[in-house]
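Colleague: Those protein sequence lines, which keep their order, are chains A and B.
1 is the number of the first residue of the first sequence in this note's numbering; add one for each residue after it.
1001 is the number of the first residue of the second sequence in this note's numbering; add one for each residue after it.
One structure, pasted below without further comment.
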Amino acid sequence: MASFLAKRLLSGVLLLFAISSLAFFLIYASSTNIASNILGEGATADQIKQKSHELGLDQPIVSRYFSWLKHALHGSFGNSWANNDSVISEIMRRLPITLSLVLIAILISAILATTLGVLAAIKGGMVDRVVQMLAVAGFAIPGFIIAIILVTFLAVKTHIFPATGWVAFTDNPSNWAKSITLPVISLVVATMTSSAQQIRSAVKSVLERDFIRTLTSRGISRREIIIKHVLRAAAPAGLTVLSLQFVGMLGGTVIVEKIFALPGMGDLVVNATASGDTPLVMGIVVYTVIIVIVVNLVVDLINGWLNPKVRVK
Amino acid sequence: MNTRSPLRKVLRNPVGIAVVAYLFVILIFALLGSSFSHWDPNKPDVFSVLQGPTAKHWLGTDSAGRDLYARLLVGSRATLIAAALVVLCSLLIGVPAGMFAGYYGGAFDAIASWFANMLMSLPAMIILLSVRTVIGSSIYFSMVIFGILVSPGFFRLTRTAVMAVRNELYVDAARVSGLSDIRIMSRHILTVVRAPIIIQTSMVAGIAISIQSSLEFLGLGDAKLVSWGFMLNDGFRNIFMKPILLFWPALAISLTIASFVLFGNAFRDALEDSKKIKRKKSDDVVVTTVIPPAKDESKHLLSVTNLGIGYPLADGGLKKVVNEISFSVDKGEVLGIVGESGSGKTQTAFSILGLLPESAVITSGRVTFNGDSLLSPENGKISEKAMREYRGKKIAYIPQEPMSNLDPNFKIGYQLVRPMMKVLGLSKAEAVTKAHSLLKTVGIENTDRIFNAYPHEISGGMAQRVLIAGAVSCDPDLLIADEPTTALDVTIQAEVLDLLRDLQGKFDMGIILVTHNFGVVADLCDRVVVMQYGSVVESGDVRTILKAPSQAYTQELLGSMLVDKTPMTLLTSGKGE
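Take a look at the structure:
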């Protein structure tokens, strides 16, 4: 188990290093006139030179990279070019909003997708056909169009929910719940249907395995076989589906936050890229990759623990 | 596989026609869109902003007074170009890389797979936004990057397919005949992966459209471009004044994505149709002659009379796998059912315990156990609950392949104890004690180790002993053993047969031994039923049949045993399957 964990960790660190390096060189190598862009059109050549020096842009890219890496290893991603705030504090302000959105959505989605998927697999017939149809519909209507529909009908036309804005949980729990209801629904609807279908096929393939027939022949009830044996055997596949869904949701929040004007990471990344705020973009990339790695690691750990072959060693 | 016939099948189903027609119309709009409307989609008109539908502007105008109808038509171009770019780019990267990785394996495979996993684990949207500072505002460049990000889908698909066919005979033959690897890959292997690639392509096209319109909706990209995403953006900014602006582009985007997805699904269905037997409702199939469960007066433990089993075919017909067979087993008697693979012997065994796959249909006959019917007169299957009265307690089952018949996630002990608690109503402590003594009975010395082991920690022979212990744990009257020794080494085979003989004497059970091996029959059975093509060829006392088989087929089976070959393949020519 320890070596299994170490291997996964190492692979995660490698991934983080590879992605951040790639992002750094891509972004910096192609960014031109950074200083003059920041200063605006009226800047003199001297001012631009001064600013470039200040930002370290007159250094060769490789040495800039190592300097960035050194600071990053010490937990600093520098300051935003746009407002000179520390990148980390900016991200830390935004991250809780996005994470609470995604975590609540993934929880609801996991419960719904598992219920629907398992029912479709074991009941077949109508339930099965409905799940299949939902999967097509969920795929065909992009999440942000669902968000737009929700805003139009439940916020703009009927005012049941606020159309935009964020209320902190600590300020007012019931308004907080209202402010995240529509965003969460948008995220859930967009991903749940496809997960349900994947969980359905995972359960179906377990049902076809030999040991299920043998358990049946021993006089164990179908109910117990499904709850104990089938769900257990399908759990790793289900968790993998959910982890992919989690990553998908991180991307999905970008649009959802924009539509509902939530001040989360998605909103931050849109603004940062629009203004060419490179240190902030780099910080966001690194944080996102870290989150993805942590999620995958947690799923690997649970799957390792679920699998006797890995656990018992 | 030929791609033409599934395509033709797609066009025969109504959804398929609708979808292809819709995509065709969109394509025409993309090519000639501006000639269907005399409005310039980009021409602003400050005097007619946010108008509703009029005779002049059929769908109204947007916040800059541009004609919505013209924009909707011309917007299809950006959508199709974006989808094409993503598909092309991911195909060009994913398919060749997958082929090389699957065909050659080794370091390239390892590195490429790592890379694919890495790309797949990243949130595409955030990556796209981050590299936007690099690639500038053009949406088409973003689509190229997105193509790279989704190429692992094609990579994995191709790699798996190639690995599966790489060692097929016809690929070997091509290699031996001197074709170059590149030739083999493009000729033989590409043919195999073509169909799944078409399905994946339609899915990727759908995702691409969704991502493209998302980016434009966010206001990213060249604002002069006429596209559905920008129409959404404009509509969203005016959502409080004119939410209808959102309707048309949202509809167009959803319909287009749905068309691609449905095309992929229809294509897959068409493919599966030609491969798989389509499930028919069981009441479509006429159950011919199930005899009502009158009390069977004969003294047999189990009697099977005129049993027929079939599977529905796509054309509504029925493929019979067991043809009206009859046999019986008495208390304490060992009956062998002998035949090759596909002779229907395992199907027969499963039907007795109600373990047939759901699609199977009992077409005729009756099965009685101690005089009680195990088949219902309506559709041949009795309820789960009624069947549970028999399973384990009265009729038990020993499977063929030991390892796959133990649940890998539960300890051996649990898998032995739980049925005894359920079926016999033992307390946990009693069941544990009994499990240990059962393990001893089947010849396991260190019962503690096995009891606490997971299935992967024990050998195949050990696992088969455990399964036998499980089968006899609830003192059944009848044991159905389906090729109990086939998956085992020769030395262990003999031990397991000895064990079965001992247990049979000890518990005075009736046994049905399903096997292809006359040696096993000679060793263990009192009577034997010889099956071929789902019918009984011959049956009777073992000695009689071994000494003087009356049927040519039985002679052949016996003959093949004598030259020490297991008759796993069809021996007789003519009647194939």
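Positions of the beta carbon are idealized from the N, C-alpha and C atoms, including for glycine.
Note that the structure is a prediction, hence the values are computed from the model and not measured.
Excluding the 5 residues flanking MET1403 of chain B on each side, which residues of the same chain have their C-beta closer than 7 Å to its C-beta?
Modeller: Here residue 1403 of chain B is taken as the residue at index 403 of the second sequence, counted from 1. Taken in chain order, the residues that qualify are PRO1455, GLY1460, ALA1463.
Colleague: Going by the CB atoms, is the gap between VAL87 of chain A and PRO236 of chain A shorter than 7 Å?
Modeller: On the first sequence, residue 236 of chain A is found 236 positions in, with the first residue counted as 1. On the first sequence, residue 87 of chain A is found 87 positions in, with the first residue counted as 1. Their beta carbons are not under 7 Å apart, which means PRO236 of chain A does not touch VAL87 of chain A by this criterion.
Colleague: Would you mind telling me which residues of chain B sit closer than 8 Å to LEU15 of chain A, beta carbon to beta carbon, in chain order?
Modeller: Here residue 15 of chain A refers to the residue found at position 15 when the first sequence is read from its first residue. Neighbours of LEU15 of chain A on chain B, chain order: MET1118, SER1121.
Colleague: Indicate the three-state DSSP secondary structure (helix, strand or coil) for ASP1067 of chain B in the structure shown.
Modeller: Here the question's residue 1067 of chain B lines up with position 67 in the second sequence. Strand.
Colleague: Unbroken alpha helix (DSSP H) runs of length 4 or more, entirely within the region 1443 to 1480 of chain B: which are they?
Modeller: 1447 to 1451, 1460 to 1472
Colleague: Could you confirm whether any beta carbon from chain A is found closer than 7 Å to the beta carbon of GLU1384 of chain B?
Modeller: Position 384 of the second sequence, counted from the start, is the residue given in the question as residue 1384 of chain B. For GLU1384 of chain B, the nearest beta carbon of chain A is closer than 7 Å to its own beta carbon.
Colleague: From the DSSP output, read off the bridge partner residues of VAL1536 of chain B.
Modeller: Taking the second sequence and counting its residues from 1, one reaches residue 1536 of chain B at position 536. DSSP lists B:MET1531 as partners of VAL1536 of chain B.
Colleague: Can you find the residues in the same chain that come closer than 6 Å, C-beta to C-beta, to ALA155 of chain A, ignoring five residues on each side of it along the sequence?
Modeller: Position 155 of the first sequence, counted from the first residue, corresponds to residue 155 of chain A. Excluding residues within five positions, the ones whose Cβ falls inside 6 Å are PHE161, ALA163.
Colleague: Based on Cα-Cα distance, which residue from A:ILE290, A:TRP305, A:VAL294 lies nearest to GLY75 of chain A?
Modeller: Within the first sequence, numbered from 1, the residue matching residue 75 of chain A stands at position 75. Checking every option, the nearest Cα to that of GLY75 of chain A belongs to A:ILE290.
Colleague: In angstroms with no decimal places, state the Cα-to-Cα distance between ASP1172 of chain B and GLU224 of chain A.
Modeller: One-based indexing of the second sequence puts residue 1172 of chain B at position 172. One-based indexing of the first sequence puts residue 224 of chain A at position 224. Their backbone Cα atoms lie some 48 Å apart in a straight line.
Colleague: What residue from B:PHE1217, B:MET1118, B:TRP1058, B:LEU1023 has the CA that sits closest to SER20 of chain A's CA?
Modeller: Translated into the one-based positions of the first sequence, residue 20 of chain A becomes position 20. That would be B:MET1118, whose Cα lies nearest to the Cα of SER20 of chain A.
Colleague: To which residues does DSSP link PRO1312 of chain B through a beta bridge?
Modeller: Looking up residue 1312 of chain B in the second sequence gives position 312. According to DSSP, which records beta bridges pairwise, PRO1312 of chain B is partnered with B:LEU1318.
Colleague: Identify every residue that forms a DSSP beta bridge with TYR1397 of chain B.
Modeller: Against the second sequence, residue 1397 of chain B aligns to sequence position 397. TYR1397 of chain B is bridged to B:ILE1480.
Colleague: Under 8 Å by Cβ, that's how I've got GLY1075 of chain B and PRO1249 of chain B pegged, so tell me the actual separation to the nearest angstrom.
Modeller: If you number the second sequence from 1, residue 1075 of chain B lands on position 75. If you number the second sequence from 1, residue 1249 of chain B lands on position 249. 7 Å between Cβ atoms; contact.
Colleague: Of all Cβ atoms in chain A, is any one closer than 7 Å to the Cβ of PRO1399 of chain B?
Modeller: Residue 1399 of chain B sits at position 399 when you count from the first residue of the second sequence. For PRO1399 of chain B, the answer is yes, since a Cβ of chain A falls inside 7 Å of its Cβ.
Colleague: If you run the structure through DSSP and keep just helix, strand and coil, what is GLY1576 of chain B?
Modeller: The residue labelled residue 1576 of chain B in the question sits at position 576 within the second sequence. Because GLY1576 of chain B sits at a pLDDT of 37, beneath the cut-off of 50, its placement in the model cannot be relied upon, and the point is left open.
Colleague: Measuring only the C-alpha atoms, how far is SER1550 of chain B from GLY1344 of chain B?
Modeller: The residue labelled residue 1550 of chain B in the question sits at position 550 within the second sequence. The residue labelled residue 1344 of chain B in the question sits at position 344 within the second sequence. Looking at the two C-alpha atoms, the distance is approximately 21 Å.
Colleague: Return yes when the Cβ of VAL1176 of chain B is within less than 7 Å of the Cβ of VAL1087 of chain B, no when it is not.
Modeller: Your numbering for residue 1087 of chain B matches position 87 in the second sequence. Your numbering for residue 1176 of chain B matches position 176 in the second sequence. One thing to note: VAL1087 of chain B has its Cβ no nearer than 7 Å to the Cβ of VAL1176 of chain B.
Colleague: With 16 as the cutoff for other CB atoms within 10 Å, does TYR287 of chain A come out buried or exposed?
Modeller: Here residue 287 of chain A refers to the residue found at position 287 when the first sequence is read from its first residue. That one is buried.
Colleague: So what does DSSP say about ILE1197 of chain B, is it helix, strand or coil?
Modeller: Taking the first residue of the second sequence as position 1, residue 1197 of chain B is located at position 197. Looking at ILE1197 of chain B - three-state DSSP - the assignment turns out to be helix.
Colleague: Listed from N- to C-terminal order along the chain, which residues in the region 67 to 90 of chain A have their beta-carbon within a distance smaller than 9 Å of any beta-carbon of chain B?
Modeller: none
Colleague: Go to VAL1361 of chain B, then tell me how far its beta strand (DSSP E) extends in each direction, as first and last residue.
Modeller: As a working mapping, residue 1361 of chain B is identified with position 361 in the second sequence. From DSSP, the beta strand (DSSP E) with VAL1361 of chain B extends over 1361 to 1369.
Colleague: In this structure, how does DSSP classify VAL1304 of chain B when only helix, strand and coil are distinguished?
Modeller: Position 304 of the second sequence, counted from the start, is the residue given in the question as residue 1304 of chain B. In this structure, VAL1304 of chain B counts as strand in the three-state DSSP scheme.
Colleague: Is there a Cβ of chain B sitting closer than 7 Å to that of ILE104 of chain A, yes or no?
Modeller: Here residue 104 of chain A is taken as the residue at index 104 of the first sequence, counted from 1. It does not; no Cβ of chain B falls within 7 Å.
Colleague: Can you give me the start and stop residues for the beta strand (DSSP E) that LEU1513 of chain B sits inside?
Modeller: Sequence index remark: in the second sequence, residue 1513 of chain B carries index 513 (1-based). First-last of the beta strand (DSSP E) with LEU1513 of chain B: 1510 to 1515.
Colleague: Can you tell me which of the three DSSP states GLU1358 of chain B falls into?
Modeller: Here residue 1358 of chain B refers to the residue found at position 358 of the second sequence. Coil at GLU1358 of chain B, not helix or strand.
Colleague: For a contact meaning CB atoms closer than 7 Å, what does ASN1409 of chain B contact in chain A?
Modeller: In the second sequence, the residue the question calls residue 1409 of chain B occupies position 409. In chain order: ARG232, ALA233, PRO308.
Colleague: What does SER1210 of chain B reach in chain A if we use C-beta pairs closer than 7 Å?
Modeller: On the second sequence, residue 1210 of chain B is found 210 positions in, with the first residue counted as 1. Ordered by position in chain A, the residues that pass the 7 Å Cβ test against SER1210 of chain B are PRO142.
Colleague: Would you call the CB atoms of ILE141 of chain A and SER1254 of chain B closer than 7 Å?
Modeller: Here the question's residue 141 of chain A lines up with position 141 in the first sequence. Here the question's residue 1254 of chain B lines up with position 254 in the second sequence. Result yes, Cβ atoms of ILE141 of chain A and SER1254 of chain B sit closer than 7 Å.
Colleague: Output yes if chain A places a C-beta closer than 7 Å to the C-beta of MET1241 of chain B; else output no.
Modeller: One-based indexing of the second sequence puts residue 1241 of chain B at position 241. No, its Cβ sits nowhere closer than 7 Å to a Cβ of chain A.
Colleague: At the 7 Å Cβ level, is ASP300 of chain A part of the contact set with chain B, yes or no?
Modeller: Counting from one through the first sequence, the residue named residue 300 of chain A turns up at place 300. Output row for ASP300 of chain A: interface = no.
Colleague: Taking GLY283 of chain A as the reference, which of A:LEU5, A:ARG8, A:ALA6, A:LEU16 has the closest Cα?
Modeller: The count along the first sequence starts at 1 and reaches residue 283 of chain A at position 283. It is A:LEU16 whose Cα lies nearest to the Cα of GLY283 of chain A.
Colleague: Please identify, using Cβ separations under 7 Å, the residues of the region 1405 to 1432 of chain B that lie next to chain A, in order along the chain.
Modeller: ASN1405, LEU1406, ASP1407, PRO1408, ASN1409, ARG1418, PRO1419, LYS1422, VAL1423
Colleague: Suppose contacts are defined by Cβ-Cβ distances below 7 Å. Is ASN1306 of chain B in contact with GLY1365 of chain B by that definition?
Modeller: Position 306 of the second sequence, counting from 1, holds the residue named residue 1306 of chain B. Position 365 of the second sequence, counting from 1, holds the residue named residue 1365 of chain B. Yes, these two residues count as a Cβ contact at 7 Å.
Colleague: Let's test the definition: count the other Cβ atoms within 10 Å of the Cβ of SER1035 of chain B and tell me whether it reaches 16, buried, or not, exposed.
Modeller: Numbered from 1 along the second sequence, position 35 holds the residue referred to as residue 1035 of chain B. SER1035 of chain B counts as exposed, since fewer than 16 other beta carbons sit within 10 angstroms of its beta carbon.
Colleague: Please name the residue or residues paired with GLY1336 of chain B in a DSSP beta bridge.
Modeller: The residue given as residue 1336 of chain B occupies position 336 in the second sequence. Bridge partners of GLY1336 of chain B: B:LEU1513, B:VAL1528.
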